[in-house]
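Structure first, commentary second.
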Amino acid sequence: MTIEEGIGAGAQGRAPRPPIEIPAAAWLALTLVFVAVCLVVARGPVAVGQTTLNGLIAAGYFSLGAVGLTLVFGTLRIINFAHGDLLTLGAYLTFGLNAMGAPFWPAAAVAIALTALIALSLDYVIWAPLRRARTSTLQAMLAAIGLAMVIRFTVQFFAGSQVRGVGQDVLSSINIGPLHLGSLQALVLVVGVVASTLVGLGLAFTRLGKQIRALSDNMALAEVAGIDTARAIRVVWIVAGGLAALAGILFAAAVGSVNPNFGFFTLLSLFTAAVLGGIGNAYGALVGGLVIGLAQEWSTLFVNPRWKPVVGFAILIVVLLVLPRGIFGGSRERS
Amino acid sequence: MTFLNLDFWIGVGVIAGIYGIFVLGLQLNVGFTGIINLGQAGFMAIGAYAMGMLVVDAGWPMALAFPAAVGVAVGAGLLVGLPTLRLRADYFGIVTIAFSEIVRYVLQNASFAGGNQGVIGYDAEWRAFQSWVSPHLKPLGLDRATQAPLLIAVWAMLFLCVCGLKALQASPWGRALRAIREDEDAAAALGKNVFAFKLQSLGLAAALAAIAGFFLALNVTYLYPSEFDLSFTFFGYAALLLGGFASYAGAALGAVVLCALTEGLRFLDLPLSSGQVGSLRMILVGLMLVGLSLYRPEGLLGNRSEMQLRA
Numbered sequence: 000m001t002i003e004e005g006i007g008a009g010a011q012g013r014a015p016r017p018p019i020e021i022p023a024a025a026w027l028a029l030t031l032v033f034v035a036v037c038l039v040v041a042r043g044p045v046a047v048g049q050t051t052l053n054g055l056i057a058a059g060y061f062s063l064g065a066v067g068l069t070l071v072f073g074t075l076r077i078i079n080f081a082h083g084d085l086l087t088l089g090a091y092l093t094f095g096l097n098a099m100g101a102p103f104w105p106a107a108a109v110a111i112a113l114t115a116l117i118a119l120s121l122d123y124v125i126w127a128p129l130r131r132a133r134t135s136t137l138q139a140m141l142a143a144i145g146l147a148m149v150i151r152f153t154v155q156f157f158a159g160s161q162v163r164g165v166g167q168d169v170l171s172s173i174n175i176g177p178l179h180l181g182s183l184q185a186l187v188l189v190v191g192v193v194a195s196t197l198v199g200l201g202l203a204f205t206r207l208g209k210q211i212r213a214l215s216d217n218m219a220l221a222e223v224a225g226i227d228t229a230r231a232i233r234v235v236w237i238v239a240g241g242l243a244a245l246a247g248i249l250f251a252a253a254v255g256s257v258n259p260n261f262g263f264f265t266l267l268s269l270f271t272a273a274v275l276g277g278i279g280n281a282y283g284a285l286v287g288g289l290v291i292g293l294a295q296e297w298s299t300l301f302v303n304p305r306w307k308p309v310v311g312f313a314i315l316i317v318v319l320l321v322l323p324r325g326i327f328g329g330s331r332e333r334s
Numbered sequence: 495m496t497f498l499n500l501d502f503w504i505g506v507g508v509i510a511g512i513y514g515i516f517v518l519g520l521q522l523n524v525g526f527t528g529i530i531n532l533g534q535a536g537f538m539a540i541g542a543y544a545m546g547m548l549v550v551d552a553g554w555p556m557a558l559a560f561p562a563a564v565g566v567a568v569g570a571g572l573l574v575g576l577p578t579l580r581l582r583a584d585y586f587g588i589v590t591i592a593f594s595e596i597v598r599y600v601l602q603n604a605s606f607a608g609g610n611q612g613v614i615g616y617d618a619e620w621r622a623f624q625s626w627v628s629p630h631l632k633p634l635g636l637d638r639a640t641q642a643p644l645l646i647a648v649w650a651m652l653f654l655c656v657c658g659l660k661a662l663q664a665s666p667w668g669r670a671l672r673a674i675r676e677d678e679d680a681a682a683a684l685g686k687n688v689f690a691f692k693l694q695s696l697g698l699a700a701a702l703a704a705i706a707g708f709f710l711a712l713n714v715t716y717l718y719p720s721e722f723d724l725s726f727t728f729f730g731y732a733a734l735l736l737g738g739f740a741s742y743a744g745a746a747l748g749a750v751v752l753c754a755l756t757e758g759l760r761f762l763d764l765p766l767s768s769g770q771v772g773s774l775r776m777i778l779v780g781l782m783l784v785g786l787s788l789y790r791p792e793g794l795l796g797n798r799s800e801m802q803l804r805a
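Given below as structure tokens:
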């Protein structure tokens with residue numbers, strides 16, 4: 000979009016509105032509750048409770064992963080195919096540091112910082128030059144796909160392609176009535192919920208959060224309004240990289256064992272979450288992650304769990320066809 | 495193994511020819527129509543599996559199963575394109591990725607496709623034909639190379655496809671495609687049914703993928719799902735960028751060069767495990783995609799005036 004178009008779009012008087020219109024969010028909540036009740040009737044409360052719990056765990060890493068994906072798209076118009084591999088990178092940096100003697104969670108913190116730094120430096124090396132060259136959608140997509148391959152196979156080069164455990168206690172568990180939860184999974188659940196909430200609050204109330212949302216909504220307008228876009232772009236990459244790494248670590252901890260392909264194959268679920276929430280809408284991505292997490296786990300009540308990824312892909316296709324602007328209608332007039 | 499091992503290079507030639515046919519479909523979609531098809535490996539899987547299952551499960555002769563499989567793949571292309579080709583270019587790309595992955599998961603998990611064991615035993619007729627042809631290749635000195643008949647068949651098909659596509663490109667149909675690539679709205683204003691042209695382009699690309707899948711099936715002797723993962727499509731895009739957009743001969747050349755380069759890696763005698771060499775190969779392909787997008791966005795041998803893809 001050129002600057003003229005941007006100003007034109009703003010001048011047409013699209014008033015700033017709350018990021019999530021209450022009716023849409025309420026409808027969504029009602030729908031989820033309604034579906035849950037139907038499932039309870041069909042499959043009994045214990046099975047539904049267990050899958051809901053699993054869905055909430057998955058929602059943590061889907062939401063956190065999708066926020067970065069959607070912010071990068073909103074601000075830079077890049078469909079970042081390499082985003083999923085940032086999840087892989089975060090998890091494997093953690094494993095690497097862990098193997099070198101650092102305890103798991105401090106290692107995770109360092110890995111998150113490192114991944115954020117790598118995401119930022121990739122902007123200098125690849126994305127900034129592509130922006131300057133005004134590259135087409137196709138070439139940006141191909142660069143992203145290439146970058147995804149470089150990250151994934153570099154991890155695989157050093158770590159090997161085999162499945163590896165997270166090196167943590169994955170056996171101890173907590174029983175809440177009839178429900179069963181691994182203690183590591185419980186930790187993942189708590190971290191996921193807390194982090195998602197913090198991200199949401201940060202976007203809503205901090206100055207930087209507001210700037211990023213403004214940028215993601217309309218870059219040209221944000222620039223005219225005096226926002227330091229270069230700085231905001233750097234922040235977006237740091238946030239996207241850091242949250243992706245956190246999501247990857249949570250994924251690995253929740254599942255217990257991963258191989259270097261997991262991030263790339265999670266990418267489609269992250270896309271689904273981002274598109275569901277309206278691409279470019281960070282709150283939407285958080286909610287989209289919740290929906291996709293619950294939907295995939297609830298699907299196991301009816302079909303073999305090995306079809307879970309297919310359920311996710313099918314949702315992606317249906318959402319793109321039926322609701323290309325997401326549940327909340329999206330914040331921009333692009334179909 | 496020495497550098498001048500004939501069997502090895504014939505094998506590389508077969509793979510390069512298969513990729514060449516595969517990439518022609520990408521070129522038609524991306525280079526000449528402006529639709530970003532990232533699901534080409536899915537169409538190839540459908541074509542290859544349809545052929546294999548028609549021969550093994552239904553007992554069809556291969557000569558009949560092959561065109562039928564191409565038809566199935568075209569049907570899949572139309573089915574995918576009908577609801578999705580009206581989407582934005584980038585969303586269409588994502589949908590085709592999802593489609594490709596769904597195909598792979600279904601082949602992996604559904605009992606009809608043999609799961610991870612795959613499909614085997616469809617190539618008896620081809621083996622018979624191959625051993626009948628081999629002695630006749632003595633004048634060329636190729637009678638001992640078992641894969642030589644396949645090499646000749648693949649390259650003959652590649653040549654036919656390039657000629658056919660070039661002829662199509664010079665036709666009014668081809669000109670309409672390029673008009674759509676340059677400016678959809680203008681083409682529509684001139685009375686072209688943009689959607690129908692895109693759909694035909696996707697269907698034809700699916701047919702090319704199925705042809706490539708047929709030869710891949712003959713080359714590997716049994717079909718299993720992980721052969722058809724997204725990397726195959728991405729490798730194809732690297733070949734496409736290498737050869738350059740909007741040139742069929744360039745696309746075929748790109749496939750040959752990329753295959754020779756990546757297969758030739760094994761002669762470097764690196765102190766690495768075979769898994770690491772495999773990773774290195776994919777890293778190189780990835781670097782090539784990034785580097786060419788940055789420095790030669792129209793491709794190495796591409797035509798800059800032809801390629802102004804904006805979405």
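Which chain is which? The protein sequence lines are A and B, in order.
Counting from 0, one number per residue, gives the positions in the first sequence under this note's numbering.
Counting from 495, one number per residue, gives the positions in the second sequence under this note's numbering.
Cβ coordinates follow ideal geometry from the N, Cα and C atoms, glycine included.
heavy atom of the ligand ADP below 8 Å from residue i C-beta
i	result
Phe61 (chain A)	In terms of ligand content, the structure shown is empty, and the ligand ADP therefore cannot be addressed.
Residue closest to residue i, alpha-carbon to alpha-carbon, out of the options
i	options	result
Ala583 (chain B)	B:Thr727, B:Glu678, B:Leu759 and B:Leu778	B:Glu678
Ile530 (chain B)	B:Ile591, B:Asp617 and B:Asn610	B:Ile591
His630 (chain B)	B:Val574, B:Ala642 and B:Val566	B:Ala642
Gly176 (chain A)	A:Ala46, A:Leu27 and A:Leu29	A:Ala46
Ala24 (chain A)	A:Phe312, A:Phe270, A:Gly283 and A:Phe301	A:Gly283
Leu736 (chain B)	B:Leu788, B:Lys686 and B:Thr578	B:Leu788
Met547 (chain B)	B:Gly793, B:Ala563 and B:Lys660	B:Ala563
Leu712 (chain B)	B:Asn499, B:Gly511, B:Trp503 and B:Leu500	B:Gly511
Phe691 (chain B)	B:Asn499, B:Val508 and B:Asn523	B:Asn523
Burial state of residue i, where buried means 16 or more other Cβ atoms lie within 10 Å
i	result
Gly329 (chain A)	At Gly329 (chain A) the pLDDT is 46, less than 50, meaning the model places this residue with poor confidence; the figure from the coordinates comes in the next sentence. Buried, since its Cβ has 16 or more Cβ neighbours within 10 Å.
Ser665 (chain B)	exposed
Arg760 (chain B)	exposed
Ser172 (chain A)	exposed
Ile588 (chain B)	buried
Gln295 (chain A)	buried
Ile326 (chain A)	buried
Ala776 (chain B)	One detail in the question is off: residue 776 (chain B) reads as Met in this sequence, not Ala. The residue is buried, with at least 16 neighbouring Cβ atoms inside 10 Å.
Ile614 (chain B)	exposed
Asp84 (chain A)	buried
Asn303 (chain A)	exposed
Rounded C-alpha distance that separates residue i from residue j
i	j	result
Leu31 (chain A)	Val66 (chain A)	21 Å
Phe204 (chain A)	Leu289 (chain A)	22 Å
Tyr513 (chain B)	Gln138 (chain A)	21 Å
Arg669 (chain B)	Gln663 (chain B)	7 Å
Glu721 (chain B)	Gly536 (chain B)	10 Å
Pro561 (chain B)	Ala251 (chain A)	45 Å
Leu339 (chain A)	Ile316 (chain A)	In the structure displayed, chain A extends from 0 to 334; residue 339 (chain A) sits before or after that span and is not available.
Arg163 (chain A)	Leu188 (chain A)	22 Å
Gln624 (chain B)	Leu636 (chain B)	12 Å
Gln521 (chain B)	Phe739 (chain B)	7 Å
Gly744 (chain B)	Val517 (chain B)	10 Å
Met218 (chain A)	Val750 (chain B)	43 Å
Arg790 (chain B)	Thr50 (chain A)	49 Å
Phe181 (chain A)	Gly247 (chain A)	Per the sequence shown, the amino acid found at residue 181 (chain A) is Gly instead of Phe. Between Gly181 (chain A) and Gly247 (chain A), the C-alpha separation is close to 18 Å.
Gly505 (chain B)	Leu645 (chain B)	8 Å
Leu220 (chain A)	Trp126 (chain A)	21 Å
Local conformation of residue i per DSSP, three classes
i	result
Ser256 (chain A)	strand
Arg775 (chain B)	helix
Arg580 (chain B)	coil
Tyr616 (chain B)	coil
Tyr718 (chain B)	coil
Ile529 (chain B)	coil
Leu710 (chain B)	helix
Leu180 (chain A)	strand
Ser340 (chain A)	Shown here, chain A extends from 0 to 334; a query on residue 340 (chain A) therefore has no answer.
Ala163 (chain A)	Strictly speaking, residue 163 (chain A) in this sequence is Arg, with Ala absent from that position. Strand.
Trp554 (chain B)	coil
Gly744 (chain B)	helix
Ala639 (chain B)	coil
(Q) Report the start-end ranges of each alpha helix (DSSP H) in the segment 212-283 of chain A that is 4 residues or longer and not cut off at the edges. (A) 218-223, 228-254 and 261-275
**Q.** Contained alpha helix (DSSP H) runs [length at least 4] in the segment 60-126 of chain A, N- to C-terminal order
**A.** 82-98 and 103-121
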